[in-house]
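Notes follow the structure.
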Amino acid sequence: MKKISLILILIFLTGSLFCETSSHSELQIYDINSGDFLLEDLTRIEAEAWQYYQKEEFEKAAASYLKLLKNNITDTRNIYNLACCYGLLGEAQLAAHYLAISYQKGFTDIDHISNDPDFLKVKNDPAFTSLLDSLKTQAAEEKTSPDYLVSTTTYQNYKLKLPPDYDPDKNYPLLVGLHGLGDNSENFFKLGENISDFFYAVPQAPYPLSTGTNIGYSWSRQEELNPNSLNESWLKSAQFVVDMIDLIKSRYKISNVYLFGFSQGGHLSYLTGLKYHDKIKAIAPFGAWLPDDILAPEDLQQAAGLEIFIAHGKEDRVVEFSQAERACEVLSDHGFTIEKEYYEGGHQLSRDAINNAFNWFRQMEGIIRRAE
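Sequential numbering from 2 applies to the sequence shown in my numbering.
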């Protein structure tokens with residue numbers, strides 16, 4: 002079996018990757034400042050790296066990821082993100098170097114790696130191609146037996162915020178936030194910190210993506226599945242969201258339910274709203290694509306009363322802007338009334354667009370917006 006250590010050696014031998022000379026001073030164990038690295042705000046650094054990535058400032062993103070990883074060498078997802086930055090910069094040997102390390106430390110989703118558009122600039126470089134071929138071979142050798150799937154029911158967690166002046170005798174609208182691929186409910190919950198007139202619920206997607214200290218989650222299985230199994234995993238996630246809504250409605254007086262989501266979460270908001278239109282009043286997908294390959298034709302026909310707010314970054318390279326235009330066209334042809342907000346930027350949330358979507362929900366609920 003090929004070992005990843007041999008791959009790393011080959012990269013250094015064939016690519017003359019880079020020479021690093023450094024003079025590390027002796028660690029001053031009695032210097033009170035020697036532990037200052039413990040005070041680093043890793044959450045802030047990670048957010049900074051992601052913001053640079055979204056703005057396509059990949060050199061700054063790489064610098065932030067390196068700073069982050071210096072303090073957390075087991076963070077496989079962000080080692081992979083660092084490799085992606087170098088791929089987008091066209092630095093094939095650096096991309097291959099950090100991709101090899103991320104694989105060694107546990108980021109082994111070879112299908113995702115092989116199809117990641119972040120490596121388009123370097124995919125034909127001999128060093129990168131050699132590494133990718135080696136990783137594919139190793140992945141095949143390590144998969145000694147096939148995986149089988151069983152459909153089952155498990156407990157899933159969600160976060161819930163009540164209005165600060167909650168009155169159990171009053172009805173309140175429920176806003177459900179659906180996070181994107183690789184994110185989690187904790188981060189997405191922060192988007193509702195200033196919401197005072199809705200219940201705000203954020204479920205966590207069921208499928209973990211990577212090992213390491215920062216684990217992201219997915220609403221669908223990312224492994225190679227046949228199309229029916231992949232679609233079934235999406236439908237089960239939609240059912241999970243509806244089950245959560247039903248549970249909250251059984252405990253509190255809820256007037257109407259609104260969904261918004263980003264990227265993969267936006268895709269799920271489309272799917273859940275259109276599939277369960279009798280339970281959802283309106284949806285606001287951000288940076289998402291329409292799941293008309295999962296829905297039956299009658300789902301679109303029967304859900305035409307669902308209100309939809311489509312938001313998308315005009316420079317989105319992850320979920321192309323054309324997906325928003327296509328969704329508008331398909332839904333309009335089926336009789337839906339669409340609100341649109343297209344904003345400057347890439348695959349990212351716009352605070353202004355979020356506020357506008359929330360106010361759009363408020364208008365439907367007849368709420369006069371209070372200062373927040």
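For glycine and all other residues, C-beta sits at the position ideal for the given N, C-alpha and C.
Residue i classed as buried or exposed, judged by whether at least 16 other C-beta atoms fall within 10 angstroms
i	result
N125	exposed
V331	exposed
A297	exposed
G88	buried
I1	The question about residue 1 has no answer, for the chain in this structure spans 2 to 373.
F189	buried
A141	exposed
K381	Outside the modelled stretch of the chain, which goes from 2 to 373, sits residue 381, for which no answer is possible.
G336	exposed
D184	buried
L248	exposed
L275	buried
S186	buried
S251	exposed
N116	exposed
Nearest candidate by alpha-carbon position, reference residue i, set the options
i	options	result
A354	E366, K341 and Q364	K341
A289	D76, F189 and H348	H348
D293	G262, K315, A63 and W235	W235
K137	F337, I114 and Q265	I114
A63	T75, I74 and I80	I80
V319	L182, D134, E142 and Y156	L182
Q240	T153, S186, E316 and E49	T153
L179	S238, C329, Y253 and I102	S238
R45	S65, Y54 and Q55	S65
D334	A304, G346 and D317	A304
L1	I295, Y271 and P169	Because the chain spans 2 through 373 in this model, residue 1 falls outside it and cannot be assessed.
M245	T155, K56 and Q55	T155
Cutoff 6 Å; reference residue i; Cβ partners in own chain excluding five residues on either side
i	result
A206	Y218, S219 and W220
E41	N72
E366	P174
V177	A202 and L260
A93	V123, D126, A128 and F129
C86	F59, A62 and A63
P118	none
Q324	W290
I216	P209
E47	L69
Distance between residue j and residue i (C-alpha atoms, nearest Å)
i	j	result
E58	L90	10 Å
L69	L43	6 Å
D166	V258	19 Å
Y173	I111	45 Å
F108	T77	6 Å
R327	T273	19 Å
G314	G36	41 Å
T130	L121	11 Å
R363	H268	22 Å
D32	L39	14 Å
I74	Q265	28 Å
S23	K160	Legend: pLDDT at S23 = 46, less than 50; position of this residue unreliable, no value from coordinates given.
V243	S256	15 Å
Q52	L67	15 Å
I102	K162	40 Å
H278	V151	28 Å
E143	N356	48 Å
S197	G306	27 Å
L100	S135	12 Å
E194	N360	15 Å
I368	L301	29 Å
E233	Y253	30 Å
P164	A283	20 Å
I12	N82	Any answer about I12 is weak, because its pLDDT of 47 lies below 50 and its placement is not dependable; what the coordinates show is given next. Their Cα atoms are separated by approximately 19 Å.
Q55	S270	22 Å
R222	D168	40 Å
Nearest-angstrom beta carbon gap, residue j and residue i [assumed within contact, 8 Å]
i	j	result
F199	A358	Not quite, the Cβ-Cβ distance comes to about 12 Å (not below 8 Å), so this is no contact.
F310	A285	4 Å
A84	L132	In fact, because the Cβ distance is near 10 Å, the residues do not count as touching under 8 Å.
P209	Q157	Rounded, the Cβ-Cβ distance is 12 Å, inconsistent with contact.
Cutoff 8 Å; reference residue i; Cβ partners in own chain excluding five residues on either side
i	result
G350	Reading the sequence as shown, one finds Leu at residue 350 and not Gly. Only L192, F263, F287 and G288 meet the Cβ criterion.
T338	E308 and I309
Y344	A312, H313, G314, K315, S351, D353 and A354
E49	S65
Neighbourhood of residue i by C-beta distance below 7 Å, restricted to the same chain and skipping five residues each side
i	result
Q29	S35
D317	G288, G347 and H348
Residue i at chain C interface by Cβ criterion, 8 Å
i	result
L161	Chain labels in this structure do not include chain C; a single protein chain is all it has.
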